[in-house]
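Peer 1: Here it is, the structure, as structure tokens.
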Amino acid sequence: MKDYPEKHHSGVMVLLVIVIVVGFGALLTSDVREFPSVPGSPGQLAGNIGGLAFHVGDVIPGGYAPPWDIFNDDEMISVATPEVIAFDSGNLVQNSLLSVSHEQALIYKYGFVYDLDFSVWVPFTFYQETMDGSDWIADYAEFAGVLENNEVSDGEYFFVTYSCKQYNGEWKCGCASEDDCGYWMIQSYDVSNYVCDDGVYSCDDNSLYLCDGNEDVLVEDCGVYYTCDVDAGACVIPSAPSFCGDGTCDAGEYTSNCPEDCSCTDSDGGINYYVQGETTLHTPQEDFCDSVYEDRLNEYYCNSAGGISVEYYICPNGCEDGACLPEEEPVNEPETLLWLGQENGHLRSCDVNDECIDHGDISPGTVIFSLAVLEDKLWLGQAYSLSSCDGDLNCDSIIMEDHILSSAVFDDKLWVGGKWSGDLWSCDSNSNCSNHGDKGGYIYSMAVYDNKLWIGHASGHLSSCDSSGSCEDHGFQGNYSADSQASGIYSMAVFDNKLWLGQNDGTLASCTIDAICSYKNRIVAINDPKINTMKVYEDYLWVGLSHGYISKCNEGGFCMNFLPQDEMVEGAGANDMAAFNNLLYVGMNDGDLFSCNVDGVCEDLGNEGVPINSLAVFSNDDSDTGGGAGPACGDGVCDAGEDASSCSEDCVVQVDVSTNMCGAGDKGLKCEERAARNYCIAIGYSDYMSDSKVCDGGDHYSGNWADNPDNPLQEYCGDSGSDEWVVTIDCIV
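Mapping to the working numbering: the sequence shown position 134 is 1112, numbers consecutive.
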């Protein structure tokens, strides 16, 4: 199968795949298992050949087939929707769909789009389900995506697909005529970008835009209280209506253009993300959590013009009941790491950023053959010792009588096998171990399947054991290589509800719960390909071989070999594998560590020069890691995460108005909300606490505020014979 890697160019759509599974009709139910040959690469286009999307009757360029079925009334097979992608100032993002529909046919899972900027064919993949692990999709395939204005060049984009259908028992693929087939089917679509006049303002939906580099850039959303003005290049205050001054705040009147009729109020004191408020001008607007955008708060407040504005704020800790949830104190969660056991007895750990630490020789044992996790401890199977380590790498070790090549967790115990003696041990979480005796010599691998512990021997025999350590020998289950040597069971894994065996001559077999095993495949990469390790990753069985190859196998035992890549040296065996950080990690016997994706593309993460024998994923519960305590309410500082509602002692200050603003005379601050809010802001605070004003009840304080040049609130001061006056007020820090 050809492997087309992903590529990204400026002239190619960023595509999002939509998977649709369609029945395959008669062909699926038949016994036909032969598939047509896959096509070669599409030929080079000789420049722009003109025209838009191809329809029946159009002239098709030489070397390509038309996108319709010449055997079936010229029914269209390959189309682009829409055929013309035209951007405009109000729609700078467009959806696009490339689809192939060919009933009772096979569609090749790869297609190509011609990149205008680089003059190359760029592959894409239809992700509909293929038949029997082949390269062919039944009946229908599609590839959907999103294009952004000026992210792609103007012009005609060609794409090619390949479809095959049987006529009179013969595959007909990409036919230009009944006797001339085997071409890619060509189709096209057209892209037309939006271009504006640089430096020119425009208004759209009462929002002001400025053309910058052939693109309209939003300058300001004028909202409902201002008017977009192209000539002024700004949002301006609308003129006061003729009925301003009638004592009623009517539609079209705001504090900005008719202050005598209108006053805006906000119960949570303005922009306050952590308190639900109600802002009122003509009608109340209550803060609420958006039902469309997750964790977004719609926070209403009174703007500087006296109207109502809204801020869209993403709550860092979630939104509930019209307010952001407060920050939770950080919890020191254990960090999950990938652990590596090495030939020299050293233990390494790697984080999700592939940064690794060598912890050195942390136990008295030498070579680390195996790793396992039981009861929040990492267990090391070594040469003549078994160690259990906590997250801080405090380890307890016990002397064993053999090399511990394999281990498995079964019945809440750790089970380990001896290399030379064939002895089987079980250990509890306190390292109390019992020897259950020789189970047939040379225990190379273990797995838990059907509530039993299964043991693979170097002799090729397979055993199953119960929780008491009593085992049944199911006999020789290996294959025989050319030199008639028994195939030792070097590795085991549970996949597709079967027990899979990997053997030292490359034989792959699967077994039922009754120990009935069947030969599946012999993975032959080079001479003597031992299957050292097997792991399940992304719904496939992955096999690591002794000469650096890895294979991806499906439920039927059909495997695809991936050659050593980059720094992966042929002959450097894959000793062990582990799924971690959404990738498959491979430890090699030359000291290299690789991370591989589901397509078998691997990256070299470095070399320690010492063979990596085993891998395990384990949470390092280190009490010394993590952040410190969160904001401390009561420390006299209004910290991040604290607000007036959650920590009033730090975030609210009571101000004595009479001592702050009064002078000689008989005037002062009126006891009303607008004056109180602006007063707190004027003396350096963010807002005032709603309904926190304490008024004098008519016994006015002396003071001549209106005549004081330092008074920022002259318009809110009145004669002593007017309303009550503010004595104290709570201002928000």
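Built from N, CA and C at the ideal position, the CB exists for glycine as well.
Is it buried or exposed, H1337, if we count other Cβ atoms within 10 angstroms and call 16 or more buried?
Peer 2: That one is exposed.
Peer 1: Take D1667 and list the residues in its own chain whose beta-carbon comes closer than 7 Å to its own, dropping the five residues that flank it on each side.
Peer 2: For clarity, residue 1667 is Met in the given sequence; the question names Asp instead. These residues qualify, in order along the chain: G1247, A1622, V1630, D1708 and I1710.
Peer 1: Quick check: the Cα distance between S1404 and I1509, rounded to an integer number of angstroms?
Peer 2: About 26 Å.
Peer 1: To which residues of the same chain is S1601 closer than 6 Å at the C-beta, ignoring the five residues directly before and after it?
Peer 2: Legend: pLDDT at S1601 = 32, less than 50; position of this residue unreliable, no value from coordinates given.
Peer 1: Compute the beta-carbon to beta-carbon distance between N1073 and N1128, rounded to the nearest angstrom, for a pair I have assumed lies under 8 Å.
Peer 2: 17 Å between Cβ atoms; not a contact.
Peer 1: Rounding to the nearest angstrom, what Cα-Cα distance links G1018 and K1397 in this structure?
Peer 2: Roughly 51 Å between the two C-alpha positions.
Peer 1: Judging by CA-CA distance, which residue of E1231, L1075 and F1065 is the nearest neighbour of C1242?
Peer 2: Ranking E1231, L1075 and F1065 by Cα distance to C1242 puts E1231 first.
Peer 1: I'd like the ranges of any beta strand (DSSP E) spanning at least 3 consecutive residues and lying wholly in the segment 1230-1268.
Peer 2: Those beta strand (DSSP E) runs which fall completely within the segment 1230-1268 and span 3+ residues are 1256-1258 and 1262-1264.
Peer 1: Between Q1455 and Y1468, how many whole angstroms is the CB-CB distance? I'm expecting something under 8 Å.
Peer 2: With a Cβ gap of about 13 Å, Q1455 and Y1468 do not count as contacting.
Peer 1: When DSSP labels each residue in this structure, what does D1176 get in the three-state scheme?
Peer 2: DSSP places D1176 in coil when its eight states are reduced to three.
Peer 1: Mind checking Q1254: buried by the 16 CB within 10 Å criterion, or exposed?
Peer 2: That one is buried.
Peer 1: What's the gap between the Cα of D1474 and the Cα of I1335?
Peer 2: Spanning the two alpha carbons is a distance of roughly 36 Å.
Peer 1: Between the Cα of S954 and those of V1169, L1186, D1047 and C1489, spot the shortest distance and give me the residue it belongs to.
Peer 2: It is not possible to answer for residue 954, since the shown part of the chain is limited to 979 through 1711.
Peer 1: Among Y1279, A1653 and L1315, which has the Cα closest to the Cα of L1259?
Peer 2: Checking every option, the nearest Cα to that of L1259 belongs to Y1279.
Peer 1: Note the first and the last residue of the continuous alpha helix (DSSP H) segment covering E1627.
Peer 2: Note, E1627: alpha helix (DSSP H), S1626 to C1629.
Peer 1: DSSP on E1081, reduced to helix/strand/coil?
Peer 2: Strand at E1081.
Peer 1: Residue range of the beta strand (DSSP E) that N1553 falls in?
Peer 2: Where N1553 is concerned, the enclosing beta strand (DSSP E) stretches over A1552 to F1558.
Peer 1: Within its chain, find whatever has a CB closer than 7 Å to the CB of K1391; leave out the 5 residues flanking it on each side and keep chain order.
Peer 2: Correct list, in chain order: S1404, C1405 and D1406.
Peer 1: Which term fits D1265, buried or exposed, when burial requires 16 or more other beta carbons within 10 angstroms of its beta carbon?
Peer 2: Result: buried.
Peer 1: How many Å lie between Y1135 and D1182 at the Cα?
Peer 2: Taking the straight line from one Cα to the other gives about 31 Å.
Peer 1: Have a look at the DSSP bridge pairing and note the partners of L1477.
Peer 2: L1477 pairs with V1472 and C1489.
Peer 1: By alpha-carbon positions, which one of Y1092, W1357, A1119 and F1347 ends up nearest to D1380?
Peer 2: Answer by Cα proximity: F1347.
Peer 1: May I have the straight-line CA-CA distance separating V1100 from C1174, to the nearest angstrom?
Peer 2: Going from the Cα of V1100 to the Cα of C1174 covers about 30 Å.
Peer 1: Between S1446 and the ligand ZN, is the CB less than 6 Å from at least one heavy atom?
Peer 2: The model depicted lacks the ligand ZN and carries no ligand whatsoever.
Peer 1: Looking at the strands, I want to know which residues DSSP matches up with T1511.
Peer 2: Partner(s): G1522.
Peer 1: Quick one, are the C-beta atoms of T1139 and V1078 less than 7 Å apart?
Peer 2: Yes, Cβ-Cβ distance for T1139 and V1078 is below 7 Å.
Peer 1: Would G1587 and G1569 qualify as a contact pair, given that the criterion is a beta-carbon distance under 7 Å?
Peer 2: Yes.
Peer 1: If I follow the unbroken beta strand (DSSP E) through C1405, where does it start and stop?
Peer 2: Run containing C1405: D1401 to C1405, per the beta strand (DSSP E) assignment.
Peer 1: Give the straight-line distance between the Cα atoms of E1053 and N1532, rounded to the nearest whole angstrom.
Peer 2: Cα-Cα distance, rounded: 36 Å.
Peer 1: Any idea if N1591 is buried or exposed, counting beta-carbon neighbours within 10 angstroms, 16 or more meaning buried?
Peer 2: Classification of N1591: buried, given that the 10 Å Cβ count is 16 or more.
Peer 1: Would you kindly report the start and end of the unbroken alpha helix (DSSP H) that includes I1659?
Peer 2: Its alpha helix (DSSP H) spans residues E1651 to A1660.
Peer 1: Kindly list the residues whose CB is nearer than 7 Å to the CB of V1595, restricted to its own chain and excluding five residues on each side of it in sequence; keep chain order.
Peer 2: Within the same chain, V1595 has close Cβ partners T1314, L1316, A1556 and F1558.
Peer 1: Measure from the alpha carbon of E1333 to the alpha carbon of each residue in G1089, F1572 and L1075, then state which is nearest.
Peer 2: Residue F1572 is the option with its Cα nearest to E1333.
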